[in-house]
Amino acid sequence: MSEVAIELIGVEKVYNPGTKSEVWALRGIDLTVRRGEFIAIMGPSGSGKTTLLNIMGTMDKPTRGRVIIEGEDVTDYPEAELAHIRRDKIGFVFQFFNLITTLTALENVMLPMLLTGRYTEKEAQEKALALLALVGLEERANHKPHELSGGEQQRVAIARALANHPAFVLMDEPTGALDTVTGSKIMSLCRLLNERFGQTFIVVTHNPGVARMAKKIYHIRDGRLYKSPPQDLLQFAWEPDEAERRRIMRIYLKMLRQDLIALRRRFRSGHVGEEEYRRLKRMIAHELDLIKRGIDL
Amino acid sequence: MAGLSVYKYAVKFAWNDMLSRKVRATLTVFSIAVGIATLVALMSITLGMRTQVESMLSEALGLAVILSGKTAIEVPVSLVPVVKNIPGVIDAYPVIEHMATIEKAMQPVFVRGVPPDKLLDAFPMLEVKEGRIFQGEEKAILITPRLAERLGLDIGDIVEISPGTVGASGEKYEIIGVVKLGISIGDFIIMPLSKAQELYNRPGYASAIIIKVASRDTIKPLADALREMFPGARIMEPEQIAKQIERIMNVINATLLSIGSISLVVAALSVMNTITMVVRERIREIGILKALGAQRRHVLAIFMSEALLLSIIGGIIGIIMGISGAHAVAEALVHFIGLKLSPVIDLLTLAEGMIIAILVGSIASFHPAWKGANIRPVEALRYE
Numbered sequence: 001m002s003e004v005a006i007e008l009i010g011v012e013k014v015y016n017p018g019t020k021s022e023v024w025a026l027r028g029i030d031l032t033v034r035r036g037e038f039i040a041i042m043g044p045s046g047s048g049k050t051t052l053l054n055i056m057g058t059m060d061k062p063t064r065g066r067v068i069i070e071g072e073d074v075t076d077y078p079e080a081e082l083a084h085i086r087r088d089k090i091g092f093v094f095q096f097f098n099l100i101t102t103l104t105a106l107e108n109v110m111l112p113m114l115l116t117g118r119y120t121e122k123e124a125q126e127k128a129l130a131l132l133a134l135v136g137l138e139e140r141a142n143h144k145p146h147e148l149s150g151g152e153q154q155r156v157a158i159a160r161a162l163a164n165h166p167a168f169v170l171m172d173e174p175t176g177a178l179d180t181v182t183g184s185k186i187m188s189l190c191r192l193l194n195e196r197f198g199q200t201f202i203v204v205t206h207n208p209g210v211a212r213m214a215k216k217i218y219h220i221r222d223g224r225l226y227k228s229p230p231q232d233l234l235q236f237a238w239e240p241d242e243a244e245r246r247r248i249m250r251i252y253l254k255m256l257r258q259d260l261i262a263l264r265r266r267f268r269s270g271h272v273g274e275e276e277y278r279r280l281k282r283m284i285a286h287e288l289d290l291i292k293r294g295i296d297l
Numbered sequence: 001m002a003g004l005s006v007y008k009y010a011v012k013f014a015w016n017d018m019l020s021r022k023v024r025a026t027l028t029v030f031s032i033a034v035g036i037a038t039l040v041a042l043m044s045i046t047l048g049m050r051t052q053v054e055s056m057l058s059e060a061l062g063l064a065v066i067l068s069g070k071t072a073i074e075v076p077v078s079l080v081p082v083v084k085n086i087p088g089v090i091d092a093y094p095v096i097e098h099m100a101t102i103e104k105a106m107q108p109v110f111v112r113g114v115p116p117d118k119l120l121d122a123f124p125m126l127e128v129k130e131g132r133i134f135q136g137e138e139k140a141i142l143i144t145p146r147l148a149e150r151l152g153l154d155i156g157d158i159v160e161i162s163p164g165t166v167g168a169s170g171e172k173y174e175i176i177g178v179v180k181l182g183i184s185i186g187d188f189i190i191m192p193l194s195k196a197q198e199l200y201n202r203p204g205y206a207s208a209i210i211i212k213v214a215s216r217d218t219i220k221p222l223a224d225a226l227r228e229m230f231p232g233a234r235i236m237e238p239e240q241i242a243k244q245i246e247r248i249m250n251v252i253n254a255t256l257l258s259i260g261s262i263s264l265v266v267a268a269l270s271v272m273n274t275i276t277m278v279v280r281e282r283i284r285e286i287g288i289l290k291a292l293g294a295q296r297r298h299v300l301a302i303f304m305s306e307a308l309l310l311s312i313i314g315g316i317i318g319i320i321m322g323i324s325g326a327h328a329v330a331e332a333l334v335h336f337i338g339l340k341l342s343p344v345i346d347l348l349t350l351a352e353g354m355i356i357a358i359l360v361g362s363i364a365s366f367h368p369a370w371k372g373a374n375i376r377p378v379e380a381l382r383y384e
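These protein sequence lines are chains S and L, in that order. Counting from 1, position 208 in the first sequence corresponds to residue 208 in our numbering; the numbering is continuous, with no gaps. Counting from 1, position 118 in the second sequence corresponds to residue 118 in our numbering; the numbering is continuous, with no gaps.
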């Protein structure tokens, strides 16, 4: 068994390449996660963390670069084989729990095992019961997801993720839909599983509290990965030039005039009383005045 | 069989999904049921019709060739001795078959004029319900039970019968018997041949001559000989009649089945719509399943089994509805047009109904299910 759970080499992801709406989601990510590690990848929305998660989870393919899971380069695998990789090597825990709503907690945990075809129903059931006991839910085994609390559902999801002894568990905002107390309990459970059983965890989050539970934190900004938090936030102090400022003012002016036209029409057709009309007209005229004074037309 | 248990859960998933949308499932089941019911009912009725016509033909025609004129009553009775002399012929007798109007009745009835001594030969299934049959050439009639019931007629009543068109002056006849004929299409009045000739004012003529033969082998050569002897006449062999009726039956069958298949198209569209909706609702769960490592075939199995469950339930209900529908239609036919018909429900028809239900369900659901199974996991998970 390889020491490395997952390795990304020079991973880039471009959406709609070569078109006007081209978006660079990832710009050369190198990342190695060893077995037994507990890492967090932190970043705000739009930073590329969801894309990174999808690529690590083999649910999306990089535009360039390699994805190596337990020493196996899976980058060019066809979908059917990627499904096997996900089934055998990756455990998923999502923000919104994502249990199958029509199946019980027990059946949800059994599902990954049944998909392998290596367990009989009875064997899968016994093991699923043990997994539910591990996350403290053996008594809720026969409940449907909607009968469980958010925290309980997330624990079922963790039990499900562990079912096939994955190389790593991939968590996407695991506490995002939970209150802070429940959220920290979930993270403590993961921490325990990591320390006692050496289970590898990769948590993607924007929550610094969640990230602190990890042993190692990476930061992602604009598709690049950093080891320390970048000091960059909103460094773009955008100062419009004079021409740009005028353009915006003119557009705003046009909007106000349009309002005035609509107001006059409504006054003439009797939808607005005279007093109301004069009041609104004065307001718009005042605003127009301010703008006209602001720009030299 | 560890690998199969995952499909058991696919069925379970589908079943629970169905239960979670009861109204939609019920409507889909019913649209399938109506389609299958229409088909089963139509098949049972046409099968009943065919069976009845076949038995009717074999008993009514037997070993006989019929010689008739091209129009109403124009076969001279004097031909009978001539025909009787042809080798292979064992008997021949004239009959009249024509429309008439009976007082009180709005619809025309069939008058059959038969020589009294040949009555049982002409109607081998004849069964006297009330009264008696002819004792010679008397001015009397036999009527069918339904006609008696419809017009409130009884033994001993005198009724006036006019030839053909309404308004022509009629003759009065005494009802002496109510008889079942076995052949149950329409209403009949039977009278001695000579009285029918009087009624239509065609003494010495008949509509047809029934020529009886000794064996089946002689039918064909006799018919050919007759055609040569009487080029102006129509010669009907039993097989020809059977073929003609078979052709008509096939047309009726095809027409009814094509009407029935329209309701199957409707059922198919309903299944397609339902599965499309199910796939859309379950798109996130497709994503989860794929993240867990489910293959395309597993996802396909879930949606196909939902369609199959709907089809099987719809098929069963449809078969039950179809059987009762066929009986209802048969009853309505007796009531409104006097056609007595018992639908034939055989296992093959029911099996066909079930197979068609399953086929319609799987064909209609395949495309939406396939599309659902092919959604990429990222897209499925992105869908909120």
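Think of the CB as a built atom: it goes at the ideal place given N, C-alpha and C, for glycine as much as any other residue.
Going by DSSP, Lys220 (chain L) is part of the alpha helix (DSSP H) stretching over 219-229. Any Cβ of chain L closer than 9 angstroms to the Cβ of Gly57 (chain S) would place that residue at the interface, and such an atom is present.
In the structure shown, Arg212 (chain S) adopts helical secondary structure according to DSSP, grouped into three states. Listed along chain L, the residues sitting closer than 7 angstroms to Glu121 (chain S) by beta-carbon distance are Ser5. With a threshold of 9 angstroms between beta carbons, His298 (chain L) makes contact with chain S.
Around the beta carbon of Ala130 (chain S), a 10 Å sphere encloses fewer than 16 other beta carbons of the protein chains shown; the residue is thus reported as exposed. Shown in chain order are the members of the stretch 8-42 of chain L whose Cβ falls below 8 angstroms from a Cβ of chain S: Lys8, Tyr9, Lys12, Phe13, Asn16, Asp17, Ser20. Counted as a single uninterrupted DSSP element, the beta strand (DSSP E) harbouring Phe168 (chain S) occupies residues 168-172.
One finds nothing in chain S with a Cβ atom closer than 8 angstroms to the Cβ of Gly372 (chain L); even the nearest lies about 15 angstroms away. Counting only Cβ-Cβ distances below 9 angstroms, Phe201 (chain S) has no contacts in chain L at all, with the closest Cβ about 16 angstroms away. Between the alpha carbons of Asp259 (chain S) and His219 (chain S) lies a gap of roughly 47 angstroms. The DSSP-derived three-state label of His165 (chain S) is coil.
If you keep only unbroken beta strand (DSSP E) runs of at least 3 residues inside the stretch 129-153 of chain L, you get 140-143. Annotation: the continuous alpha helix (DSSP H) that includes Glu81 (chain S) extends over 79-89.
The C-beta of Ile288 (chain L) comes closer than 9 angstroms to at least one C-beta of chain S.
The straight-line gap separating the alpha-carbon atoms of Ile176 (chain L) and Val265 (chain L) is approximately 55 angstroms. Here the stretch 182-194 of chain S lies against the stretch 155-174 of chain S, with 3 or more beta-carbon pairs under 8 angstroms apart. Three or more beta-carbon pairs separated by less than 8 angstroms link the stretch 313-331 of chain L to the stretch 16-29 of chain L, which places the two stretches in contact. If you look at Asp30 (chain S), you'll find it in the beta strand (DSSP E) that goes 23-34. Under a criterion of Cβ atoms nearer than 7 angstroms, the residues of chain L adjacent to Thr102 (chain S) are, in order, Phe13, Asn16, Asp17, Ser20. The bridge partners DSSP lists for Ala64 (chain L) are L:Lys212. One Cα belongs to Ser261 (chain L), the other to Leu39 (chain L), and the distance between them is close to 7 angstroms. Contacts with chain L at 9 angstroms (Cβ-Cβ) include His84 (chain S).
DSSP places Asp60 (chain S) outside both helix and strand once states are collapsed to three, so it counts as coil.
The closest CA to that of Pro203 (chain L), considering only L:Lys172, L:Arg227, L:Ile252, L:Glu74, is found on L:Glu74.
Contact annotation for Pro17 (chain S) against chain L: no contact, minimum CB-CB distance about 16 angstroms [criterion: below 8 angstroms].
9 angstroms or more divides the Cβ of Gly361 (chain L) from the Cβ of Gly318 (chain L).
Counting of Cβ neighbours within 10 angstroms places Leu115 (chain S) among the buried residues, the total reaching 16 or more. Ranked by Cα distance from Glu97 (chain L), the first of L:Glu379, L:Met191, L:Pro221 is L:Met191. Among the residues of the stretch 132-146 of chain S, none has a Cβ less than 7 angstroms away from any Cβ of chain L. If you draw a straight line from the Cα of Val178 (chain L) to the Cα of Phe188 (chain L), it is about 10 angstroms long.
Of the residues assessed, Val128 (chain L) falls on the exposed side of the cut-off, its CB having fewer than 16 other CB atoms within 10 angstroms. If you draw a straight line from the Cα of Asp241 (chain S) to the Cα of Glu7 (chain S), it comes to about 46 angstroms.
What Arg155 (chain S) touches in chain L, judged by beta-carbon distance under 7 angstroms, is nothing: the nearest beta carbon there is about 16 angstroms away. Against chain L, a Cβ distance below 7 angstroms from Glu126 (chain S) picks out nothing, because the smallest value is about 13 angstroms.
Note that the C-beta distance between Ile210 (chain L) and Ala64 (chain L) is below 9 angstroms.
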